[in-house]
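Participant: If you're matching them up, the sequences are chains F and W in order. Residues in the first sequence are numbered from 14 upward in steps of one, following the working numbering. Residues in the second sequence are numbered from 14 upward in steps of one, following the working numbering. A virtual CB, placed ideally from N, CA and C, is assigned to each residue, including glycine. If you scroll down you'll find the structure; I have some questions about it.
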Amino acid sequence: MAFRERIEKNTGNIFRSSEEGKYFPVVSRYTAGVAGQKFLEEIKENEKIFGTRCSKCEITFVPAKLYCERCFARMEKEHWVDVGTRGTLYSYTVAYEEKDGSPKETPSIIGAIKLGDGLLFHWIKESSADDLEIGMEVDAVFKPKGERRGSLVDIDYFKPKK
Amino acid sequence: MRKVAVVGAGMTKFVRRALETPKELSFEATKAALDSCEMKLEDIECVAHGSAPDAFDGIHQKGEYLADGCGGWNKPTMRVFNGGATGVHAVCHGWYHVASGMFDTCLVVCEEKMSNAMPHAQGFFLTIFDHITERPLYPNLLWIFAMEMNRYMEAYGYTKEDMAIAGALIKNHALNHPAAQLTEKVTVEDILNSEPMAYPVYRLDVSPVSDGAVAVVLASEKVARRLTDKPVWIEGVGWNVDTSYWTNKDLYYPRYLEVAAKMAYDMAGIREPHKEINIAEPYDPFNYKALHHMEGLQLSPRGKTVELLRDGHFDLDGEIPMCPSGGLLGVGNPIAAAGTVKIAELFYQLRGEAGKRQVPGDPRLGVAHAWGDLMQASSVVVMGK
Ligand SMILES: [Zn+2]
């Protein structure tokens, strides 16, 4: 089954009539796309993170894309590059508040992790904020194979290189 | 204002559910349009982008989101969106980028992916209705068309069979369109015997739900003459909105279109459109709507349209061929992109490159139309060679 059938999310917007209890049943079911499908398959099946490299523009886009946005070259099979599962911490933030503004019990860390020429946003765990340094190397930690479903969160989090 | 030509066109195939993301669909159409005129992205100075409601892609500000797929990286890029009217309006929008003298080249890219909404986008359309006067009834978009179709038929004594004749004529043109979703011949009986949805609208009175993208390349005269021996000129553009209370309209005459068409015809120097226009691509999400819009475009006298239809006036070899592309009814209806198919069709037809769909007799002047927003907006482009 293609991941497109699994990337399903109700937007949370319920399209209501102004009458109580009347609403239209609608969910949004997005496809990962031609490039996204393969990108997610590699994470799910092989614990690999792929980018696409445009040799003309000398840029490796991560996540992998169908086309180079700068010159419109089509990224074919030979443009796909395994960028590894170790990236560098390009920037990060520590979230202290929940979405509703209440304090978080435990602050969470979100990193911008440089892989190829792209940045992947992901959680940073197994580290306190005090121990983080921009430029440090971080490794992807994957969920166990049985729990992976073809999603960005098949990568559970990143952690500082041991 | 400077002269502006269409110099290239490209599109994806229209399908019920594409694997491609909206960005990827946009890329495929844009790439095909650039390839058709042997241009590179670096030759493009600006992008006019069209895509209808954000809700379909679930990304707010989806114009900016889709921009890179439309070739918009690092370029002046603007989105227009007025629902169904977008596909032709985006071309009006691209036209003034070039006509104004600001830019010599402009990509116009329109995309829609309807299949993200499951089971159907009707839930998103609910939000186009007025909170107080309409939404308490829990309305469905089809109601509007059903009301219009019923009143339109009543006003002139047209029948459901008349509407089905128009539908079959248009749909079957699509059998010769390489991007078309429709793959089998449809008869008048098929339409009349299809399942009722909201009387008098039956399943095959309606265009299919589609994913797809279309792009065209616009160029100033100087650039166009360098690129091609067969530029197709944008002779006139027009757009207009009627009342936003759809309930305040007479439902049988599209005044929004009369005004938009007059604006475009005036610019093109056309005084008698029914004698001067050789090809018409009226917006046809429903079969009755094609006829309704032929009247609004002043290409057929009010109340006489069915007579002309039955006389073959709108056939491919008739006086004014109607939707030779196969229209929304046959090629498909990815909302914003559906209007741009009509622009692409005039481009192919006026260059004599429409293959089996080619209108005979060296057509020189065509009109493309799209309609939408809160059912009251129209956009019109007149093209000539
Ligand atoms: Zn490139």
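(1) Any residue with its Cβ nearer than 6 Å to a heavy atom of ligand 1 should be included. What is that list in chain order?
(2) Would F:ALA108 be called buried (16 or more neighbouring beta carbons within 10 Å of its own) or exposed?
(3) Can you tell which of W:THR34, W:GLY96, W:VAL121 and W:MET176 has its C-alpha closest to the C-alpha of W:TRP108?
(4) Straight-line CA distance for F:VAL96 to F:TYR43?
(5) Residues of the region 78-112 of chain F in Cβ contact with chain W at a cutoff of 8 Å, in chain order, please.
(6) Around the Cβ of W:MET115, are there at least 16 other Cβ atoms within 10 angstroms (buried) or fewer (exposed)?
(7) Helix, strand or coil for F:LEU133? Go by DSSP, reduced to three states.
(8) For W:HIS133, report the span of its beta strand (DSSP E) as first-last.
(9) Roughly how far, in whole angstroms, is the beta-carbon of F:GLY124 from the beta-carbon of F:PRO76, given that I think they are within contact range, below 8 Å?
(10) Note down, in chain order, all residues in the region 129-149 of chain W with a beta-carbon under 8 Å from any beta-carbon belonging to chain F.
(11) In three-state terms, what does DSSP make of F:PHE171?
(12) Just reading off the alpha helix (DSSP H) that W:LYS16 is part of, what are its end residues?
(13) List the whole-angstrom C-beta distance separating W:GLY180 from W:ILE204, where the pair is believed to meet the contact cut-off of C-beta under 8 Å.
(14) Shortest alpha-carbon distance to W:GLY64 belongs to which of W:GLU37, W:LEU231, W:VAL20 and W:GLY100?
(15) List the whole-angstrom C-beta distance separating W:GLY249 from W:ALA293, where the pair is believed to meet the contact cut-off of C-beta under 8 Å.
(16) Got a sec: which bits of the region 34-58 of chain W sit with their beta carbon under 8 Å from any beta carbon on chain F, in order along the chain?
(17) Hey, how far is the Cα of W:LYS288 from the Cα of F:TYR36?
(18) Cutting at 8 Å between CB atoms, please list the residues of its own chain near F:LYS61, excluding the five before and the five after it.
(19) Kindly say whether W:GLY71, judged by its beta-carbon, lies nearer than 8 Å to any beta-carbon of chain F.
(20) Going by the DSSP bridge assignment, what does F:TRP93 pair with across the sheet?
(21) With F:TYR109 as the anchor, note down where its beta strand (DSSP E) starts and where it stops.
(22) From W:LEU378 to W:LEU363, what does the alpha carbon distance come to, in whole angstroms?
Facilitator: In terms of the structure at hand:
(1) Residues with a Cβ closer than 6 Å to any heavy atom of ligand 1, in chain order: F:CYS67, F:LYS69, F:CYS70, F:CYS81, F:ARG83, F:CYS84 and F:ALA86.
(2) Position 95 of the first sequence, counting from 1, holds the residue named residue 108 of chain F. Exposed: under 16 other Cβ atoms inside 10 Å.
(3) To locate residue 108 of chain W, count along the second sequence from 1; it is residue 95. Among W:THR34, W:GLY96, W:VAL121 and W:MET176, the Cα nearest to that of W:TRP108 is on W:VAL121.
(4) Indexing the first sequence from 1 puts residue 96 of chain F at position 83. Indexing the first sequence from 1 puts residue 43 of chain F at position 30. Rounded to whole angstroms, F:VAL96 to F:TYR43 spans 26 Å at the Cα level.
(5) Contacts with chain W (Cβ-Cβ distance below 8 Å) from the region 78-112 of chain F involve LEU79, TYR80, GLU82, ARG83, CYS84, PHE85 and ARG87, listed in chain order.
(6) The count along the second sequence starts at 1 and reaches residue 115 of chain W at position 102. It counts as exposed.
(7) Here residue 133 of chain F corresponds to residue number 120 of the first sequence, with the count starting at 1. In the structure shown, F:LEU133 falls within a strand segment according to DSSP collapsed to helix, strand and coil.
(8) In the second sequence, counting from the first residue as 1, residue 133 of chain W sits at position 120. Here W:HIS133 belongs to no beta strand (DSSP E), and DSSP marks it neither H nor E.
(9) Working through the first sequence from its first residue, we reach residue 124 of chain F at position 111. Working through the first sequence from its first residue, we reach residue 76 of chain F at position 63. About 16 Å separates the CB atoms of F:GLY124 and F:PRO76; that is not less than 8 Å, and the two are not in contact.
(10) The residues in question are ASN129, ALA130, MET131, PRO132, HIS133, ALA134, GLN135, GLY136, PHE137, LEU139, THR140, HIS144, ILE145, ARG148 and PRO149.
(11) In the first sequence, counting from the first residue as 1, residue 171 of chain F sits at position 158. Strand, per DSSP.
(12) Counting from 1 along the second sequence, the entry for residue 16 of chain W is found at position 3. No alpha helix (DSSP H) holds W:LYS16; DSSP gives it neither H nor E.
(13) Stepping through the second sequence from its first residue, residue 180 of chain W is reached at position 167. Stepping through the second sequence from its first residue, residue 204 of chain W is reached at position 191. 5 Å between Cβ atoms; contact.
(14) In the second sequence, the residue the question calls residue 64 of chain W occupies position 51. It should be pointed out that residue 64 of chain W corresponds to Ser in this sequence rather than to Gly. Closest in C-alpha terms to W:SER64, from the list W:GLU37, W:LEU231, W:VAL20 and W:GLY100, comes W:GLY100.
(15) In the second sequence, the residue the question calls residue 249 of chain W occupies position 236. In the second sequence, the residue the question calls residue 293 of chain W occupies position 280. With 8 Å as the limit, W:GLY249 and W:ALA293 do not qualify as a contact, their Cβ atoms being about 14 Å apart.
(16) Residues THR34, LYS36, GLU37, PHE40, THR43, LYS44, LEU47, LYS53, LEU54 and GLU55.
(17) In the second sequence, the residue the question calls residue 288 of chain W occupies position 275. In the first sequence, the residue the question calls residue 36 of chain F occupies position 23. Between W:LYS288 and F:TYR36, the C-alpha separation is close to 49 Å.
(18) Here residue 61 of chain F refers to the residue found at position 48 when the first sequence is read from its first residue. Taken in chain order, the residues that qualify are GLU55, ASP95 and THR98.
(19) Here the question's residue 71 of chain W lines up with position 58 in the second sequence. It does: the Cβ of W:GLY71 has a partner Cβ on chain F nearer than 8 Å.
(20) Start at 1 with the first residue of the first sequence, and residue 93 of chain F comes out as number 80. F:THR65, per the DSSP bridge assignment.
(21) By 1-based counting over the first sequence, the position of residue 109 of chain F is 96. First-last of the beta strand (DSSP E) with F:TYR109: 99-110.
(22) As a position in the second sequence, residue 378 of chain W is number 365, starting the count at 1. As a position in the second sequence, residue 363 of chain W is number 350, starting the count at 1. In a straight line, the C-alpha of W:LEU378 is about 7 Å away from that of W:LEU363.
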